[in-house]
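Here is the structure we will look at.
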């Protein structure tokens, strides 16, 4: 039972254009969402997050949108750069849980072509 | 060190052997998690330590897996009688405490069971 789904295993965009990575979740208890970026042979690094009380959070070129009614979030990268090429994981958490464990999607490999 | 360290970075072992993976979290991070990422999968929660509380072992896949955390710092994940399906990247992460949802990951240990 996959509670966090990233249905696109890969995405390819041209440098300078917008990258949109999507994530869906099924557990309505989730109230905090994070995006992580992972380069090969490295651990995931935190990118941006959003609380369920908001519908948008922006940090530089990165914006995360949350649609609670649709249980959907997306990460927008504008403009995309070749250095953004990595695997992006969506993760969700239930703050009321006892262990604050992150539930991850399977990831989307983003390739930004020069 | 400034970040989370894990050792070894790579481990190749024969089926049936025991392995021990080590995680050295960021100093002061009271919460520690182990995850694993199998090929083509997202990160799967294994176990969680928080301070002196009993660990949450709900994600451990079998009784061949165990983990301990000594002195609230270094943690070791032990896999006994390894099987080929244990092959994965094992990631350790920490947080400063329950108030923070952002988890800081180590580079992982790639385990290959022949």
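Chains as they are written, first to last, in the working numbering: chain A, 56 to 169; chain B, 551 to 664. Ideal Cβ positions, reconstructed from N, Cα and C, are used throughout, including at glycine.
query, result
"Collapsed DSSP secondary structure at residue 578 (chain B) in the structure displayed", "coil"
"Helix, strand or coil at residue 636 (chain B) [DSSP, three-state]", "helix"
"Contiguous beta strand (DSSP E) assignments of at least 3 residues, all confined to the stretch 78-105 of chain A", "87-93"
"Amino acids of chain B, ordered along the chain, whose beta-carbon sits closer than 8 Å to that of residue 155 (chain A)", "581, 598, 645, 648 and 651"
"Cβ contact (3+ pairs, closer than 8 Å) linking the stretch 596-605 of chain B and the stretch 140-150 of chain A", "no"
"Cut-off 8 Å between Cβ atoms - residues of its own chain near residue 62 (chain A), not counting five sequence neighbours on either side", "77 and 79"
"Contacting residues, own chain, Cβ-Cβ under 6 Å from residue 601 (chain B) (five flanking each side not counted)", "580"
"Distance, residue 590 (chain B) Cα to residue 60 (chain A) Cα", "13 Å"
"N-terminal and C-terminal residue of the beta strand (DSSP E) that residue 598 (chain B) is part of", "593-600"
"Residue 139 (chain A) in three-state terms, based on DSSP", "helix"
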